[in-house]
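*Asks:* Those protein sequence lines, which keep their order, are chains A and B.
Counting from 10, one number per residue, gives the positions in the first sequence under our numbering.
Counting from 8, one number per residue, gives the positions in the second sequence under our numbering.
Ideal placement from N, C-alpha and C gives every residue a C-beta, glycine not left out.
First the structure, which I've put down as structure tokens, then a few questions once you've had a look.
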Amino acid sequence: MCALCGILIDGPHWTETGTNVGNNQYMSDSRSLYLERFYRLKVLNYVLKPYGAVAEDWSGGQYIVRNLAGGASDVAPNLPALWKSLEFILNRRVDPLSKEFLSEIEKIPV
Amino acid sequence: MVAYSRLLPIFVVTGYLGSGKTTLINKMLKHSSLRDAAVLVNEFGEVGIDHMLVQEMDENTVLLQSGCICCTIRSDLKDSIIELNSKRESGKIPPYKRLILETTGLADPSPILFTLNSDTVIKHHYRLGAVIATVDSVNAATQMRRHKEPLKQVLVADRVVITKHDLVKKEKVVALREKLRKLNPTADIIEALHGDIDINRLLRADIYEKKSKQRETKRWLPVPEDDSNDDEHHSHDINRHGKTISSFTISYERSLDWTAFGIWLTMLLNSHGENVLRVKGILNVKGVDAPVIINGVQHVVHPPIHLNSWPTNDRRSHIVFIVDNMDRELIERSLSAFNKLAELG
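So, in structure tokens, the structure goes:
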């Protein structure tokens, strides 16, 4: 538990432990994990754009997800929780298989 | 973090009523290499388990906020494992090296897997070894047609054990084996009479063990080495058995960005986890020399691991899906769109 904010901290989610849990030479130090986290936020924000939402890092341990239109925000410890938070602040389901959503992200020029 | 392979494996033995779970467990426990196992049972049935470390649990479940049945915490299971672990740590019971968990015949295994994967204490001491489903040759076809549990047990299994095959004609066993293979192309299907079975094949060769992970992956790797364009025969429409259930393999030519893949899979499972009954894959990840293995059941995804080398000359990513009423083309399109976003990063 964080002594300052009282948030319970579980172990890292599988998306944050690299590709070989427990013995990962590809992400062995906290600096790499931090850089990976910022890269994740960058990709994530392309996904959130069609929903009018944005995600930010909070002290390297949590994500803050905000609804840019309504101003609502929520805190999530990992990606599965982030999707729940996003649905909560948008008050609707988000679906990566929705044709409308896919058309939007496919429009982003590579 | 402790290497995943060093955690104690839990083997979940599931199977419909009367399909031979307890007979199988009794045989397993008589094997000399399994004397160091502890057993948790849902109930003491008519066939008793003859073993020193057997504990019963009461079936209490806590449904999480999401309301999805596969994300149900089995508090009975959680408490039983933690209690057993405390006794082990304090020396009150011998230091067992693996745990065998027998479910009731009517159990959907998904909440059990969710509990093992989500409890902080359990996941720091244990990992899933394999899900073993027993299937009764005599009644399996009817049971799977009439009830969802036996079907679900087969769909999430890593090993399917066909029992009582001496009571039916050989053709019926062949047909059952074929049906099971179509339902779950990633599972190892083994026949066992009165519980007689190759224990190594059943328990010791799990995907997280150094010696066996290469062979285990090759077994469920769906595409033969030289087959580069026709994957039609890897898509199984199994409507006759599961109404809307189908299995297929998505093969991806380009290397995958791990970060984008994690974002994609978590988002997919958030909205469709109930319908993604099984996902197993060997991935060619950008910047990583070794092939990466992923393995999930509904909302539960086990930590990824590396293989030492590619099992064949094929360097494409292959992801096997067993889904209920989902559109393969949309899944493929969505994965591709997310992977392209990484190129912007």
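Since B:Gly288 sits in a beta bridge, which residues does DSSP pair it with?
*Replies:* For B:Gly288, which the question treats as bridged, DSSP gives the partners B:Ile301, B:Ile326.
*Asks:* Compare the C-alpha of B:Glu156 against each of B:Asp203, B:Ala267, B:Ile88, B:Thr21 and name the closest.
*Replies:* Comparing Cα positions, the closest option is B:Thr21.
*Asks:* So, is the C-beta of B:Met274 closer than 8 Å to a C-beta in chain A?
*Replies:* For B:Met274, the answer is yes, since a Cβ of chain A falls inside 8 Å of its Cβ.
*Asks:* Going by the DSSP bridge assignment, what does B:Tyr259 pair with across the sheet?
*Replies:* Answer is B:Ser324.
*Asks:* Counting only Cβ-Cβ distances shorter than 7 Å, please list the residues of the stretch 254-271 of chain B near chain A, keeping chain order.
*Replies:* Under the 7 Å Cβ criterion, the stretch 254-271 of chain B contributes Trp265, Thr266, Ala267, Gly269, Ile270, Trp271.
*Asks:* Of the residues that make up the stretch 101-115 of chain A, which ones have a beta carbon closer than 7 Å to any beta carbon in chain B?
*Replies:* Answer in chain order: Arg102, Val103, Asp104, Pro105, Leu106, Leu111, Ile114, Glu115.
*Asks:* Spell out the partners DSSP gives B:Glu109 in its beta bridges.
*Replies:* The partner list for B:Glu109 (beta bridge, DSSP) reads B:Val20, B:Val48.
*Asks:* Terminal residues of the continuous beta strand (DSSP E) containing B:Ala137?
*Replies:* 133-143 is the span of the beta strand (DSSP E), which, as asked, contains B:Ala137.
*Asks:* For chain B, is any of its Cβ atoms less than 8 Å away from the one on A:Leu42?
*Replies:* For A:Leu42, the answer is no, since every Cβ of chain B falls outside 8 Å of its Cβ.
*Asks:* Apart from the five residues just before and just after B:Ser235, which ones in its own chain have a Cβ nearer than 7 Å to its Cβ?
*Replies:* For B:Ser235, the predicted structure reports a pLDDT of 42, less than 50, and the residue's modelled location is therefore unreliable. A value from the coordinates is still provided. Within the same chain, B:Ser235 has no close Cβ partners at all.
*Asks:* Closest by CA to A:Ala64, which one among A:Leu44, A:Leu95, A:Thr26?
*Replies:* Residue A:Leu95 is the option with its Cα nearest to A:Ala64.
*Asks:* Flag A:Leu77 as yes if its beta-carbon sits less than 8 Å from any beta-carbon of chain B, otherwise no.
*Replies:* Output row for A:Leu77: interface = no.
*Asks:* Are the beta-carbon atoms belonging to B:Val327 and B:Gly280 less than 8 Å from one another?
*Replies:* Contact: no.
*Asks:* Measuring straight from C-alpha to C-alpha, what distance separates B:His172 and B:Ala344?
*Replies:* B:His172 and B:Ala344: Cα-Cα distance of roughly 47 Å.
*Asks:* Nearest by alpha-carbon distance to B:Glu336: which of B:Arg95, B:Asn315, B:Tyr259, B:Arg42 is it?
*Replies:* When each option's Cα is compared against that of B:Glu336, the closest is B:Tyr259.
*Asks:* Taking Cβ positions only, does B:Asn332 come closer than 8 Å to chain A?
*Replies:* No, no contact with chain A.
*Asks:* Secondary structure at B:Thr193, three-state DSSP: helix, strand or coil?
*Replies:* Coil.
*Asks:* Within 8 Å of any Cβ in chain A, is that where the Cβ of B:Lys155 sits?
*Replies:* Not one chain A Cβ lies under 8 Å of B:Lys155.
*Asks:* Cutting at 8 Å between CB atoms, please list the residues of its own chain near B:Val295, excluding the five before and the five after it.
*Replies:* Answer for B:Val295: Trp265, His313, listed in chain order.
*Asks:* By the criterion of Cβ-Cβ separation under 8 Å, what are the contact partners of B:Pro318 in chain A?
*Replies:* The contacting residues do not exist; B:Pro318 stays about 17 Å from chain A at best.
*Asks:* With which residues is A:Ile73 paired in a DSSP beta bridge?
*Replies:* Paired residues: A:Glu65, A:Val84.
*Asks:* So, using beta-carbon positions, are B:Gln161 and B:Ser26 closer together than 8 Å?
*Replies:* Reading off the sequence shown, one finds Val at residue 161 of chain B, where the question assumed Gln. The answer is no: Cβ separation not under 8 Å.
*Asks:* According to DSSP, is A:Ile117 part of a helix, a strand, or is it coil?
*Replies:* Note: A:Ile117 maps to coil in three-state DSSP.
*Asks:* What are the residues that DSSP puts in a beta bridge with B:Ile88?
*Replies:* Paired residues: none, contrary to the question.
*Asks:* For a contact defined as C-beta to C-beta under 8 Å, what are the partners of B:Val46 on chain A?
*Replies:* Here the premise fails: no neighbours, minimum Cβ distance about 27 Å.
*Asks:* Please identify, using Cβ separations under 9 Å, the residues of the stretch 81-93 of chain A that lie next to chain B, in order along the chain.
*Replies:* Of all residues in the stretch 81-93 of chain A, Asn87, Leu88, Pro89, Leu91, Trp92, Lys93 have a Cβ within less than 9 Å of some Cβ in chain B.
*Asks:* Does the stretch 123-131 of chain B come close enough to the stretch 96-115 of chain A to have 3 or more Cβ pairs within less than 8 Å?
*Replies:* Because the criterion of three Cβ pairs below 8 Å is not met, the stretch 123-131 of chain B and the stretch 96-115 of chain A do not touch.
*Asks:* Return the CA-CA distance between B:Asp205 and B:Asp195, expressed in angstroms with no decimal places.
*Replies:* Straight-line Cα distance between these residues: approximately 12 Å.
*Asks:* If you reduce the DSSP assignment to three classes, tell me which class B:Pro318 lands in.
*Replies:* In this structure, B:Pro318 counts as coil in the three-state DSSP scheme.
*Asks:* At the level of alpha carbons, what is the spacing between A:Phe110 and A:Pro118?
*Replies:* Computed Cα separation, rounded: 15 Å.
*Asks:* Looking at the structure shown, is B:Asn246 part of a helix, part of a strand, or coil, going by DSSP?
*Replies:* Interpretation of B:Asn246 is limited by its pLDDT of 41, a score under 50 that renders its predicted location unreliable; the figure taken from the coordinates is listed afterwards. Of the three classes helix, strand and coil, the one that applies to B:Asn246 here is helix, per DSSP.
*Asks:* Within this structure, are the beta carbons of B:Leu106 and B:Leu120 separated by less than 8 Å?
*Replies:* Cβ distance not < 8 Å, so B:Leu106 and B:Leu120 don't count as in contact.
*Asks:* Since B:Val308 sits in a beta bridge, which residues does DSSP pair it with?
*Replies:* Note: B:Val308 sits in a beta bridge opposite B:Gly303.
*Asks:* For A:Thr26, I'd like the list of residues in its chain whose CB is within less than 6 Å of its CB, leaving aside the five on either flank, ordered along the chain.
*Replies:* Closer than 6 Å at Cβ, skipping near neighbours: no residue.
*Asks:* For B:Pro231, count the other beta carbons within 10 Å of its own beta carbon; 16 or more makes it buried, fewer makes it exposed. Which is it?
*Replies:* Any reading at B:Pro231 needs caution, since the residue's pLDDT is 47, under 50, leaving its predicted position unreliable; the model's value is listed next. Counting Cβ neighbours within 10 Å, B:Pro231 comes out exposed, since fewer than 16 surround it.
*Asks:* Using the three-state DSSP reduction, which class does B:Gly172 fall into: helix, strand or coil?
*Replies:* Here the sequence assigns His to residue 172 of chain B, which means Gly is not the residue at that position. Correct three-state label for B:His172: helix.
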